[in-house]
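Numbering (the working numbering), first residue to last: 151 to 384.
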């Protein structure tokens, strides 16, 4: 979802290349939600003296809080912690985030992960049923909001399905881990692991590479895996 249609748009515009990551979010009432948000400078956003690359503001606590104070989506905020270029804030979001309010209150959904970089919010949401997802999608369309669904999975798929792993990839990763393949030094060589699994060394390498790619896409690069892959291949 574009940051222009969600929360912290003004803050993003004012500070330049910053990233947002929601630690957790709860519904305060039918009109407000309270998220805990990490704010951090993206690579290249600072010139080393605290100034952003666009020269308009400093990426520090003072600059962040000045931007939050003028952000229409933020009704209140408070500083909780700061660690090495990252700042954690407790915020209260209001009417500008009606989509999130609907997910949490109307559909009783849970935000499993939410982050924003490059002008786009990426959310992983758990709905009690498929109807809740459908109603939210219809609501966004009727409201003229951009809501691109990257992937849908059911909890019955378990963690394996959640992370886009095939049965063979799951078995290969498990065997590699149990045999100490990822340890330093390695507890087993790729050749020995391949022989144990009854496959060629090349097949093992391909399975591990695909499995690692699926894990990164579905567990780390939330909502951006397909786009990143397209950019690399292009």
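C-beta: ideal position from N, C-alpha, C; glycine also.
Residues of its chain near residue i, where Cβ-Cβ distance is below 6 Å and the 5 sequence neighbours each way are ignored
i           : result
residue 171 : 188 and 265
residue 236 : 188 and 190
residue 258 : 278
residue 182 : 242 and 244
Same chain, Cβ closer than 8 Å to residue i, five either side skipped, listed in chain order
i           : result
residue 226 : 241 and 242
residue 336 : 330
residue 175 : 183, 184, 185, 186, 250, 254, 261 and 264
residue 215 : 227 and 229
Member of the options whose CA lies at the smallest distance from the CA of residue i
i           : options               : result
residue 210 : 221, 222, 224 and 229 : 229
residue 213 : 354, 165 and 290      : 165
residue 320 : 282, 222, 359 and 303 : 359
residue 387 : 233, 347, 336 and 154 : With the chain covering only 151 through 384, there is no way to say anything about residue 387.
residue 286 : 224, 254, 263 and 315 : 254
residue 284 : 272, 302 and 268      : 302
residue 158 : 293, 185 and 296      : 185
residue 362 : 326, 295 and 249      : 326
Helix, strand or coil at residue i according to DSSP, with G and I counted as helix
i           : result
residue 333 : coil
residue 239 : strand
residue 385 : The structure shown does not extend to residue 385, since the chain spans only 151 to 384, so no value can be given for it.
residue 270 : strand
residue 264 : strand
residue 293 : coil
residue 276 : strand
residue 156 : coil
Buried or exposed by the 16-neighbour rule on C-beta atoms within 10 Å, applied to residue i
i           : result
residue 200 : Below a pLDDT of 50, predicted positions are generally treated as unreliable, and residue 200, at 42, falls in that range; the measurement from the model is reported next regardless. Answer is exposed; the Cβ neighbour count stays below 16.
residue 367 : buried
residue 231 : exposed
residue 355 : exposed
residue 162 : buried
residue 324 : exposed
residue 233 : exposed
7 Å Cβ shell around residue i - same chain, five flanking residues per side excluded
i           : result
residue 338 : 329, 330 and 331
residue 262 : 274, 275 and 276
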